[in-house]
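A quick write-up on the structure given underneath.
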Amino acid sequence: MSSYECINLTIDGDVATIQFNRPEKKNCMSPTLHNNVRNALVEVEKARVKVLVITGIKDAFCAGMDLEQCFFEPFDDPQRMAAINDDVFTWFQHLKKFPAVTIAKVNGWCFGGGMELAGICDIAIVADESTWGLSEVNFGIFPGGGTSWAYAHNIPSRKKALYYGLTGETFTGKQAEEIGYATKSVPLAQLDAETDRVVKMLSRLGRTVLRKTKEVYEKVKWMDFEAAVDYEMAKLWELSRETNDDWIRTALASFKRREFKPGTQSYKL
Ligand code: ACO
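Sequential numbering from 1 applies to the sequence shown in full-length UniProt numbering.
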């Protein structure tokens with residue numbers, strides 16, 4: 001496993017964790033951090049984990065883009081800006097279609113690009129005490145580079161979404177759960193335990209079923225019902241073939257013998 005300057009990467013069996021490690025700068029994303037994450041995601045994908053947790057060290061999840069190093073300082077150097085953006089958008093896109101389940105574990109400050117990161121992940125488990133904000137308007141721009149996409153897709157109510165986009169008002173992790181941005185909010189003291197519980201639940205399931213569940217959800221969201229039915233059936237047979245029909249031959253054969261109750265138990269495939 002490689003070591004990186006601005007992140008800590010751990011890979012332990014089926015689970016990888018990327019922890020942003022710029023505590024003195026509230027884990028905001030510098031060009032080096034972007035480059036680190038870009039490379040780390042390639043490494044994690046090769047390790048074929050089932051779950052990737054992304055979190056921050058100390059009191060911040062991620063205070064967004066490093067406003068000095070990513071914008072102010074390179075502004076008059078278009079080539080430098082382009083190189084930074086190449087890293088940024090390569091890893092954001094990679095994360096969006098990552099084969100493993102991605103969990104944002106939001107432990108503290110979460111602004112702008114940090115909210116994009118939490119929004120791209122499949123699941124967000126957050127601390128009640130964390131502070132969130134679309135602060136872009138406070139320095140004269142709109143949430144860009146995918147952040148508008150992220151808040152438009154994670155806050156179902158247009159009135160709530162535009163309220164936070166337009167005012168930049170901060171909200172808590174508890175409120176993030178209420179508006180739909182977070183899957184679940186728990187007291188900071190329980191954040192590790194709750195995340196571990198969810199990670200264990202996911203790790204018990206098959207890699208293929210996790211990957212295809214994500215893939216099918218993302219695609220059918222944009223289809224009409226008829227197309228979705230066709231696509232879902234085609235993907236079911238694809239999954240079946242890729243897993244040697246295990247769901248029938250192993251899991252449902254076991255159910256037929258009444259060895260487990262699929263409503264409340266999972267069969268490890
Ligand atoms: N870019 C660059 N430096 C940052 C950022 C950032 N996004 N966030 C924090 N820092 C720096 C601070 O400037 C400070 O640096 P210094 O020690 O050299 O003065 C250091 O991190 C520590 O931060 P403080 O402001 O001292 O910490 P405090 O607890 O008082 O405040 C807070 C925390 C509220 C997160 C504050 O740092 C802040 O407002 N950060 C900017 C958040 C933001 O708006 N991010 C941009 C989102 S938009 C986008 O991502 C495109």
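Don't be surprised by glycine CBs; every beta carbon is placed ideally from N, CA and C.
As the structure is a computational prediction, the values presented were derived from the model and not from experiment.
Asked: CB-CB length for residue 250 against residue 206, believed under 8 Å; Found: The Cβ separation is near 10 Å, so there is no contact.
Asked: Same chain only: Cβ atoms within 8 Å of residue 3, ignoring 5 sequence neighbours per side; Found: 9
Asked: Buried or exposed (CB count within 10 angstroms, at least 16 for buried), residue 167; Found: exposed
Asked: Which of helix, strand or coil DSSP assigns to residue 184; Found: strand
Asked: Whole runs of the alpha helix (DSSP H) within the region 68-108, excluding any shorter than 4 residues; Found: 78-96
Asked: Meets three-Cβ-pair contact criterion under 8 Å: the region 118-129 and the region 68-80; Found: no
Asked: Cα-Cα separation, residue 236 to residue 189; Found: 40 Å
Asked: Buried versus exposed, by CB contacts within 10 Å (16 or more), residue 224; Found: exposed
Asked: Distance cut-off 7 Å: residue 111 Cβ against heavy atoms of the ligand ACO; Found: yes
Asked: Proximity to residue 112 [Cα-Cα], best of 63, 195, 44, 37; Found: 63
Asked: 6 Å Cβ shell around residue 23 - same chain, five flanking residues per side excluded; Found: 57, 58
Asked: Which residues DSSP lists as bridging residue 8, in chain order; Found: 19
Asked: Reduced DSSP secondary structure (H/G/I, E/B, other) of residue 206; Found: coil
Asked: Sequence-distant residues of its chain with Cβ nearer than 8 Å to residue 122 (five each side left out); Found: 101, 102, 103, 214
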